[in-house]
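The block underneath contains the structure these notes are about, expressed in structure tokens.
Numbering (UniProt numbering), first residue to last: 1 to 222.
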């Protein structure tokens, strides 16, 4: 084989165009890199927002002395309660978890993350609220109502929240926590659909009155 190692490489003048290289660098710096940076920032913000919603992270902590229920992490069957308590917020750790005490002011043996807490009553005692409507008016969308309990005028509804497909994330809520009354109307329409069908099926058949042919025959014989 022929040895080309002694030949020095040369560049054609048209391949080394300083102006073209400068334009390419300028395009990359002024167009490509800013566009990529913007896209990365938008993706990070979207991911962060989804993470905060999924994990129910709040910027403003629940007030001290608030009454709360906590998720039953030892729940083994559907008959076990989803939440246990009540407890009261005693403090907040550096990582954002809550220090809780029971009614006897005994400390709970573990710290509880925000995602496991359901706010019942703020320290002012002005009424019942849900963690779904906290100080920031954080809003979660109802996907469907799947069950109800209670008596007329005092119903609670089992809510399947949009984006939360784990049945353990379903919560019982009063009608006041449901912004759109049409959601409740839709639930009852679906719930009663079977009843209306059965009622129509059970309607008695119309009967056509008939004349008393026996008495008419008697009159004709006379």
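Ideal Cβ placement from N, Cα and C applies to all residues, glycine included.
Item                                                                                                                                                              : Value
For residue 89, which three-state DSSP category applies?                                                                                                          : strand
Suppose the cutoff is 6 Å on Cβ atoms and the five residues either side in sequence are ignored; what does the same chain contact list for residue 132 look like? : The pLDDT assigned to residue 132 is 38, lower than 50, so where the model puts this residue is not dependable; a value taken from the coordinates is nonetheless given after this. Same-chain partners within the cutoff: 140.
Got a sec? Which residues, its chain only, sit under 8 Å from residue 18 by beta carbon, not counting five neighbours each side?                                  : none
Please look up how many angstroms separate the CB atoms of residue 68 and residue 168, rounded, as I've assumed it's under 8 Å.                                   : With 8 Å as the limit, residue 68 and residue 168 do not qualify as a contact, their Cβ atoms being about 17 Å apart.
Using a Cβ-Cβ cutoff of less than 6 Å, which residues in the same chain neighbour residue 113 once the five nearest sequence positions on both sides are dropped? : 97
According to DSSP, simplified to helix, strand and coil, what is residue 108?                                                                                     : coil
What separation, rounded to the nearest whole angstrom, lies between the Cα atoms of residue 24 and residue 44?                                                   : 28 Å
Assign residue 119 to one of two classes, buried (16 or more other C-beta atoms within 10 Å of its C-beta) or exposed (fewer than that).                          : buried
Which stretch, first to last residue, makes up the beta strand (DSSP E) that contains residue 223?                                                                : This structure gives no information on residue 223, because the portion of the chain shown stretches from 1 to 222.
Considering residue 245, what are the terminal residues of the beta strand (DSSP E) in which it resides?                                                          : Lying before the first or after the last residue shown, residue 245 is absent from the chain, which here runs from 1 to 222.
What does a CB cutoff of less than 7 Å around residue 37 pick up in its chain, not counting 5 residues either side in sequence?                                   : none
From what residue to what residue does the alpha helix (DSSP H) around residue 27 run?                                                                            : 18-27
Within the continuous beta strand (DSSP E) that includes residue 142, where are the two ends?                                                                     : 142-149
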